[in-house]
Amino acid sequence: MEIIFASANKNKIAEVAAMFPPNIRLLGLKEIGITEDIPEPGTTIQENSFLKAQYVVQRLKELNRQLPVFADDSGLEAEALNKAPGVYSARYAGTPKNDAANNAKLLEELKNHTNRHARFVTIITYIENGKVQQFEGEIKGTIAYEPRGTGGFGYDPLFIPQGYRSTFSELSVNTKNTISHRAMAVKKLVDFI
Ligand code: IMP
């Protein structure tokens, strides 16, 4: 069985593909000839996840192909900031996207808050034969007072998952990929399929 993962990010595709059984082959966007950036005009993570999947379904129609498609959208939600940066996580400090600036802005916004609770959330939208299903994965944790560690991307240097003392950046890739919000959402999708 072949399924399209609405992503052009090779590392992400490899990470997610490793969680699927061997009889399911994941195709990235480039493999089916979709090379443009997919618009993300939504105002929630859930909406953007749906819009990305729907966009690819539409493009497949134009290419006269029909395959199951899924898209993911993720973000960090800080309790004290009313769930910001949320859907705006990638460009919290403005464009172009800059992880270090985003982390600095998050620390600045939280500097007067003792509530450091946050969660990462991923919503996957799966569309097969016009039927839409969504799966949510989350990991709870806290935001550190300064960046720690060199691994990962995004807010990894600041996010300490519940039950750990290290940030995502300090943990091994394997550990992060086993407990992450994305892994939880992908697991639900795999179980469903
Ligand atoms: P995306 O939807 O997976 O592209 O995630 C959107 C943004 O959320 C990223 O650009 C990061 O800023 C942040 N983010 C999502 N997942 C993670 C993660 O696992 N670690 C750190 N930051 C993340």
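Per the numbering used here, residue 9 is the first one in the sequence shown, and the count goes up by one each step.
By construction, the Cβ of each residue, glycine as well, lies at the ideal position given by its N, Cα and C atoms.
1) Count the C-beta pairs between the segment 107-121 and the segment 67-75 that are closer than 8 Å, then say yes if the count reaches three, no if not.
2) So V140 and S82 are in contact, right, with Cβ under 8 Å, and what is the actual spacing, rounded?
3) If you follow the alpha helix (DSSP H) that L115 is in, where does it begin and where does it stop?
4) Going by alpha carbons, who is nearest to L75 out of Q142, L35 and F161?
5) Spatial neighbours of I132 within its chain, please: C-beta separation below 6 Å, excluding the five flanking residues on both sides.
6) To which residues does DSSP link V77 through a beta bridge?
7) Are K38 and A14 touching if we call contact CB-CB under 8 Å?
8) Pull up the CB-CB distance for G149 and R127, whole angstroms please, since I reckon it's below 8 Å.
9) Considering only the beta carbon of each residue, do G160 and K184 sit closer than 8 Å?
10) Report whether the distance from the Cβ of Y163 to the nearest heavy atom of the ligand IMP is below 7 Å.
11) Is G160 near the ligand IMP - that is, is its Cβ less than 7 Å away from at least one heavy atom of it?
12) Going by C-alpha distance, which of I53, K91 and S180 is nearest E117?
13) Verify the contact flag: A25, CB atom, against every heavy atom of the ligand IMP, threshold strictly below 7 Å.
14) Does H189 come out as helix, strand or coil in the three-state DSSP assignment?
15) Assign E178 to buried or exposed, taking buried as 16 or more other Cβ atoms, counted over all protein chains shown, within 10 Å of its Cβ.
Result, derived from the coordinates:
1) When C-beta atoms of the segment 107-121 are compared with those of the segment 67-75, fewer than three pairs fall below 8 Å, so the two segments do not count as touching.
2) The residue you call residue 140 lines up with position 132 of the sequence shown. The residue you call residue 82 lines up with position 74 of the sequence shown. Not a contact, Cβ separation roughly 19 Å.
3) Locating residue 115 in the sequence shown gives position 107, counting from the first residue. Here the alpha helix (DSSP H) through L115 covers D107 to L118.
4) Along the sequence shown, read from residue 1 onward, the residue named residue 75 stands at position 67. Distance from the Cα of L75 is smallest, within the candidate group Q142, L35 and F161, for L35.
5) On the sequence shown, position 124 is the one that residue 132 refers to. For I132, same chain residues with a beta-carbon under 6 Å away, outside a window of 5 residues either side, are F78, D80, F143, A193 and L197 in chain order.
6) Position 69 of the sequence shown holds residue 77. Answer is I12 and I135.
7) The sequence position of residue 38 within the sequence shown is 30, counting from 1. The sequence position of residue 14 within the sequence shown is 6, counting from 1. Contact: no.
8) Residue mapping note: residue 149 aligns to position 141 of the sequence shown, counting from 1. Residue mapping note: residue 127 aligns to position 119 of the sequence shown, counting from 1. Contact between G149 and R127 is confirmed by a C-beta separation of about 7 Å, below the 8 Å threshold.
9) Taking the first residue of the sequence shown as 1, we reach residue 160 at position 152. Taking the first residue of the sequence shown as 1, we reach residue 184 at position 176. G160 is a Cβ neighbour of K184, given a cutoff of 8 Å.
10) Translated into positions along the sequence shown, residue 163 becomes position 155. Flag set: Cβ of Y163 near the ligand IMP.
11) Indexing the sequence shown from 1 puts residue 160 at position 152. G160: yes, Cβ under 7 Å from the ligand IMP.
12) Residue 117 sits at position 109 when you count from the first residue of the sequence shown. Its Cα nearest to that of E117, the residue K91 stands out among I53, K91 and S180.
13) Sequence index remark: in the sequence shown, residue 25 carries index 17 (1-based). Annotation for A25 indicates a beta carbon at 7 Å or more from all heavy atoms of the ligand IMP.
14) The residue given as residue 189 occupies position 181 in the sequence shown. It is helical.
15) On the sequence shown, residue 178 is found 170 positions in, with the first residue counted as 1. Per the 10 Å Cβ criterion, buried.
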